[in-house]
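Colleague: Attaching a single structure in structure tokens format; questions to follow.
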């Protein structure tokens, strides 16, 4: 397909704007480039943001610094008029291994609450634009698996894990996962409604970007309203 001149000009404008925006996104609260995430603008129309969690040695465990960098980037991308969807992915070994246990050792409730421990964790749920998780390894790809292993270290799933999981997969499966620490496969996750699609590992991120592009083709306002409506229904779901 040959692009018309106006469309080429628009695309060039988006590309230049994306380059400028990347300079903004790559600034954390310390005015330094983030170390634990990578942000890029992708897709044919440069209207999809790709965030890669980049802490492979720790299996992308969600430490404070990573979550702070992610929160800042999500804020900026959510206010970028050229971005229609956001894809978050990890590495081949792990999307994310969960909270960083090393940071939690020695903490009591008072220190955790006063430091607003979960403030950055809720950012993903507050983003107005669609967020697509391309999950492989721990935590989708055909090699992924999911679990709530907290019981193995003497605690329960935090950050609303018990409530959110139960709403999605139902009481029985959520209870089994939380009480045993057992993991489920990508196929089991799809059958339970925890994930939408399964792709081979090698095409996972590309397929997620394609989905983001398809979403970005629609009216941003209508996409936002549709997302809010679905989330509202999810939040008010009567769990049996």
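Residue numbers (this note's numbering): 1 to 240.
A virtual CB, placed ideally from N, CA and C, is assigned to each residue, including glycine.
Mind checking residue 57: buried by the 16 CB within 10 Å criterion, or exposed?
Modeller: Classification for residue 57: exposed.
Colleague: For residue 155, does the three-state DSSP call read helix, strand or coil?
Modeller: Coil, per DSSP.
Colleague: Count the other CB atoms, across all protein chains shown, that sit within 10 Å of the CB of residue 179; report buried if there are 16 or more and exposed otherwise.
Modeller: By the 10 Å Cβ count, residue 179 comes out exposed.
Colleague: Answer yes or no: does any C-beta atom of chain D fall closer than 8 Å to that of residue 54?
Modeller: The structure shown contains no chain D; it holds only a single protein chain.
Colleague: Using a Cβ-Cβ cutoff of less than 8 Å, which residues in the same chain neighbour residue 55 once the five nearest sequence positions on both sides are dropped?
Modeller: Once the five neighbours on either side are set aside, the close Cβ partners of residue 55 are 36, 61, 63 and 66.
Colleague: Could I get the ranges of all uninterrupted alpha helix (DSSP H) runs contained in the stretch 141-224, with 4 residues as the minimum, in chain order?
Modeller: Within the stretch 141-224, the complete alpha helix (DSSP H) runs of at least 4 residues are 161-169, 171-180, 186-192 and 204-216.
Colleague: Identify whether residue 236 lies in helix, strand or coil by the three-state DSSP scheme.
Modeller: Coil, per DSSP.
Colleague: Can you tell me which of 203, 177, 234 and 223 puts its alpha carbon nearest to the alpha carbon of residue 89?
Modeller: Taking only the C-alpha atoms, the option nearest residue 89 is 203.
Colleague: Among the residues of its own chain, which have a CB less than 6 Å from the CB of residue 77, if the five just before and after it don't count?
Modeller: Excluding residues within five positions, the ones whose Cβ falls inside 6 Å are 49, 83 and 86.
Colleague: Just how far apart, CA to CA, sit residue 45 and residue 213?
Modeller: Computed Cα separation, rounded: 8 Å.
Colleague: Excluding five sequence neighbours on each side, which residues of the same chain lie with their C-beta closer than 6 Å to the C-beta of residue 183?
Modeller: These residues qualify, in order along the chain: 145 and 147.
Colleague: Among residues of its own chain, excluding the 5 on either side of residue 69, which ones have a beta-carbon nearer than 8 Å to its beta-carbon?
Modeller: So the qualifying residues of the chain are 28, 34, 35, 36 and 37.
Colleague: Tell me which residues share the same chain as residue 151 and place their Cβ nearer than 6 Å to its Cβ, disregarding the 5 neighbours each side in the sequence.
Modeller: The residues are 181.
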